[in-house]
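Engineer: Sharing a structure below in structure tokens format, with a few things to ask.
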Amino acid sequence: MQVVPWPIQVALMAAAMAACGDNHRPEVGTPELVLLAVSPPAVQLEVGMRQRFMVTATFDDGATTSVAEGLTWTSSNPASVIVDGDGARAIAAGTATITASKGGVSGSAQVSAVAAKLGFAIFGDALAPGIGFAPFGGSTTEIRVDTAELHDGTATLALTIPATGYAGGAFRMSSSMDLSAYDVVTFWAKASRAATLNVVGIGNDAASTALFAEWNAVPLTTTWTHYVMPLPAPGRLTAETGLFHFAEGADEGAYTIWLDDIRYQVLEAPTLGAPVPAIATESVSKQVGDSFAVNGASVTFMVGEVARTLAISRRYLTFASSDAAVATVDDAGQIVAVGVGSATITARLGAIDAGGAITVNVGRAVAPTEAAPAPTTPAADVIALFSDVYPMVPVDTWRTEWSNATLADIDIGTDHVKKYSNLVFAGIEFSEAEAIDATTMTHIHVHVWLPEVTTLRLKLVDFGADGKFGGGDDREHELSFDATTSPALVAGAWVALDIPLDSFTTLTSRAHLSQLIISSSSMSTVYIDNVYFHRSQR
63 MQVVPWPIQV
73 ALMAAAMAAC
83 GDNHRPEVGT
93 PELVLLAVSP
103 PAVQLEVGMR
113 QRFMVTATFD
123 DGATTSVAEG
133 LTWTSSNPAS
143 VIVDGDGARA
153 IAAGTATITA
163 SKGGVSGSAQ
173 VSAVAAKLGF
183 AIFGDALAPG
193 IGFAPFGGST
203 TEIRVDTAEL
213 HDGTATLALT
223 IPATGYAGGA
233 FRMSSSMDLS
243 AYDVVTFWAK
253 ASRAATLNVV
263 GIGNDAASTA
273 LFAEWNAVPL
283 TTTWTHYVMP
293 LPAPGRLTAE
303 TGLFHFAEGA
313 DEGAYTIWLD
323 DIRYQVLEAP
333 TLGAPVPAIA
343 TESVSKQVGD
353 SFAVNGASVT
363 FMVGEVARTL
373 AISRRYLTFA
383 SSDAAVATVD
393 DAGQIVAVGV
403 GSATITARLG
413 AIDAGGAITV
423 NVGRAVAPTE
433 AAPAPTTPAA
443 DVIALFSDVY
453 PMVPVDTWRT
463 EWSNATLADI
473 DIGTDHVKKY
483 SNLVFAGIEF
493 SEAEAIDATT
503 MTHIHVHVWL
513 PEVTTLRLKL
523 VDFGADGKFG
533 GGDDREHELS
543 FDATTSPALV
553 AGAWVALDIP
563 LDSFTTLTSR
573 AHLSQLIISS
583 SSMSTVYIDN
593 VYFHRSQR
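Counting in our numbering, the sequence shown runs from 63 upward without gaps.
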């Protein structure tokens, strides 16, 4: 046997190893995996986008190779970023660590998920999966997909506005959705003729309006126009079902509105300015035990060079009282007068102070101790809505569901009285029971008692022969009374408002009287009695 000298053996081994390349692994023993590297190590994805990752393995002998098989992928935040095969998909704004593991060794990459620039579409060429339409109560709403009148794509939504009544409803999600990544809702719209759409908004799913925001009086034209509605506080919209709603009355007659490309998007500064919140500035007088709500919550944004003001739910705001021993205020903006004195109610939207403030002056509770004087007009000349003296005609309700007041029936001795607390407006309706024909009557009479003098308004409404509000033949007129009018209001005493019906000058018909609306300038407490129409004997 020929023996190869040792120096020559070493040279031959070195040559053989060089021929095998850098990734040569000796046959004796198996290299151990020591490191996994995920590439790219950091990435930003728009919601809906997917990223594929590459994994490189390093062994204890320094060798490297790409790995695709036998890996286990996990996400630290599957609510924002989910594992998708050999990569990840962004499903909601947020951050996550994506980890690839094998044989006890792991490597990771950081993923930042942001709202898609094109946003979340409610309607593109069809309603997005899981979204349905719920009409508002009492509306006559026809909504259809139109493939003839197009803005972009293959279809639009057509809304038919009726000649009577109103149209309205909400596009809502079957399950709650996190919308906090977006700061605007945008849509395209046109109408069959120039018109003003009463309301578009968010946060109303036809059952709840806890976080509503609404843009009122939206101008529509006969050409496709792009509209942008900012969101008051996107961070609050983490579990919403009411994605987009609208309402339009019949005051402009029947016409058609087309909507397209309704979506949530990110606009950001400088195109979208910072919010400027506000509440109505008021000075109100209350009695201990009275409660009422903050009025007129709104927020204004600059969208480009255009100021856009939205009416918003009070629940977007945080309220504070300067003296909780006088007046308290809760998260819903409900104020309760708890002690004699004066307090100021202010508000904030997040860290931004809201303009406006409410000064609450609280006095001790005052109520009438004697009944109103008994009327003496003969019953044959009277149509009574409420009185202990006369037979009364049927009344549907003394407080319609759209009223902003609290109603209580109280007794003063044997006399029955209606008490309206925190009165902004209250509707008394009698159209369904039987509209009142007061063509032979000359006056309306109401006894009122107020703890403090305010401006009190009475409105009479005639629904016309069709007996329906908004039928095109409605007539109405409102009169105001205060300490300077005749008759004059007086604090702490019953005052007889005996008003000639001819004073309601625009009420040109009195044959189908259907509503009496009482309103106040300062959310007052008002007691009323002896409400009737009569024929004067003078």
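Don't be surprised by glycine CBs; every beta carbon is placed ideally from N, CA and C.
So, under 8 angstroms CB-CB, ASP458 and PHE492 are touching, yes? Tell me the CB distance rounded to an integer number of Å.
Structural biologist: 6 angstroms
Engineer: Consult DSSP for SER582 and reduce its assignment to one of helix, strand or coil.
Structural biologist: In this structure, SER582 counts as strand in the three-state DSSP scheme.
Engineer: Keeping to the same chain, check which residues put their C-beta closer than 8 angstroms to that of ARG426; ignore five residues upstream and five downstream.
Structural biologist: GLN349, VAL350, VAL402
Engineer: Please specify which runs of the beta strand (DSSP E), each continuous and at least 3 residues long, are wholly inside the segment 266-310, giving them in chain order.
Structural biologist: 275-282, 287-292
Engineer: Measure the Cβ-Cβ separation of TYR326 and VAL246 and say whether it is below 9 angstroms.
Structural biologist: With respect to the 9 angstroms criterion, TYR326 and VAL246 are classified as neighbours on the basis of their beta carbons.
Engineer: Look at ALA405 and ALA386 and say whether their C-beta atoms are less than 9 angstroms apart.
Structural biologist: If you check the CB distance, ALA405 and ALA386 come in under 9 angstroms.
Engineer: Taking buried to mean at least 16 other C-beta atoms within 10 Å of its own C-beta, is ALA446 buried or exposed?
Structural biologist: Within a 10 Å sphere around the beta-carbon of ALA446 sit 16 or more other beta-carbons, which makes this residue buried.
Engineer: Taking the DSSP output, what are the residues bridged to GLY489?
Structural biologist: ILE579
Engineer: Quick one: give me the first and last residue of the beta strand (DSSP E) that ASN139 is part of.
Structural biologist: Neither: ASN139 is in no beta strand (DSSP E) and is coded neither H nor E.
Engineer: Where does the unbroken beta strand (DSSP E) through PHE525 begin, and where does it stop?
Structural biologist: Per DSSP, PHE525 belongs to no beta strand (DSSP E) and is neither H nor E.
Engineer: If you measure between the beta carbons of LEU305 and MET235, is that distance less than 9 angstroms?
Structural biologist: Contact: yes.
Engineer: If you run the structure through DSSP and keep just helix, strand and coil, what is VAL66?
Structural biologist: For VAL66, the predicted structure reports a pLDDT of 37, less than 50, and the residue's modelled location is therefore unreliable. A value from the coordinates is still provided. Look at VAL66 here: in three-state DSSP terms it is coil, with no helix or strand label.
Engineer: Per DSSP, TRP250 is paired with what?
Structural biologist: HIS288, ASP322
Engineer: Is the segment 122-135 close to the segment 197-211, with three or more CB pairs under 8 angstroms?
Structural biologist: Output reads no: the segment 197-211 does not touch the segment 122-135.
Engineer: Note the first and the last residue of the continuous beta strand (DSSP E) segment covering PRO339.
Structural biologist: 338-340
Engineer: Write down the C-beta distance between ILE160 and ARG151 rounded to the nearest angstrom, noting that I regard them as a contact closer than 8 angstroms.
Structural biologist: Not a contact, Cβ separation roughly 10 angstroms.
Engineer: With which residues is THR127 paired in a DSSP beta bridge?
Structural biologist: ALA119
Engineer: Using the Cα positions of LEU74 and SER174, report the straight-line distance between them to the nearest angstrom.
Structural biologist: The predicted position of LEU74 is uncertain, since its pLDDT is 39 and thus under 50; a value taken from the coordinates is nonetheless stated next. Computed Cα separation, rounded: 54 angstroms.
Engineer: Taking contact to mean at least 3 C-beta pairs separated by less than 8 angstroms, is the segment 500-511 in contact with the segment 558-569?
Structural biologist: yes
Engineer: Could you tell me which of SER598, GLY156, ASN592 sits nearest to ALA601, measuring between CA atoms?
Structural biologist: What is shown of the chain runs 63 to 600, which leaves residue 601 out entirely.
Engineer: Any idea if GLU310 is buried or exposed, counting beta-carbon neighbours within 10 angstroms, 16 or more meaning buried?
Structural biologist: With 16 or more other Cβ atoms within 10 Å, it is buried.
Engineer: If you run the structure through DSSP and keep just helix, strand and coil, what is ARG376?
Structural biologist: helix
Engineer: In its own chain, which residues sit with a C-beta less than 7 angstroms from the C-beta of LEU212, not counting the 5 before and 5 after it?
Structural biologist: THR218
Engineer: What is the residue span of the beta strand (DSSP E) that ASN466 lies within?
Structural biologist: 466-474
Engineer: On a Cα-Cα basis, can you pick out the residue from TRP320, PRO430, ASN139, PRO292 that is closest to LEU282?
Structural biologist: If we check each option's Cα against that of LEU282, TRP320 comes out closest.
Engineer: Measure the C-alpha to C-alpha separation of PRO435 and VAL588 and round it to an integer number of angstroms.
Structural biologist: PRO435 and VAL588 have their C-alpha atoms spaced approximately 17 angstroms apart.
Engineer: Any idea what DSSP makes of ALA441, helix, strand or coil?
Structural biologist: Looking at ALA441 - three-state DSSP - the assignment turns out to be helix.
Engineer: DSSP three-state label for LEU611, please.
Structural biologist: Absent from the structure is residue 611, since the part of the chain shown begins at 63 and ends at 600.
Engineer: Express the C-alpha separation of GLU367 and PRO332 in angstroms, rounding to a whole number.
Structural biologist: 10 angstroms
Engineer: Tell me, please, whether the segment 534-553 touches the segment 459-468 by the rule of three or more beta-carbon pairs shorter than 8 angstroms.
Structural biologist: no
Engineer: Determine whether the beta carbon atoms of PHE195 and GLY231 lie at a separation below 9 angstroms.
Structural biologist: PHE195 is a Cβ neighbour of GLY231, given a cutoff of 9 angstroms.
Engineer: Cβ of LYS521 within 9 angstroms of Cβ of ILE590?
Structural biologist: no
Engineer: Just verifying my parser: in three-state terms, what is the DSSP assignment at GLU204?
Structural biologist: strand
Engineer: With H, G and I counted as helix, E and B as strand and the rest as coil, what does DSSP make of GLU108?
Structural biologist: strand
Engineer: Out of ILE223, ALA154, ASN278, point me to the one whose CA is closest to ASN139's CA.
Structural biologist: ALA154
Engineer: ASP240: which of ARG298, VAL328, TYR594 sits nearest, CA to CA?
Structural biologist: Sorting ARG298, VAL328, TYR594 by C-alpha distance to the C-alpha of ASP240 places ARG298 at the top.
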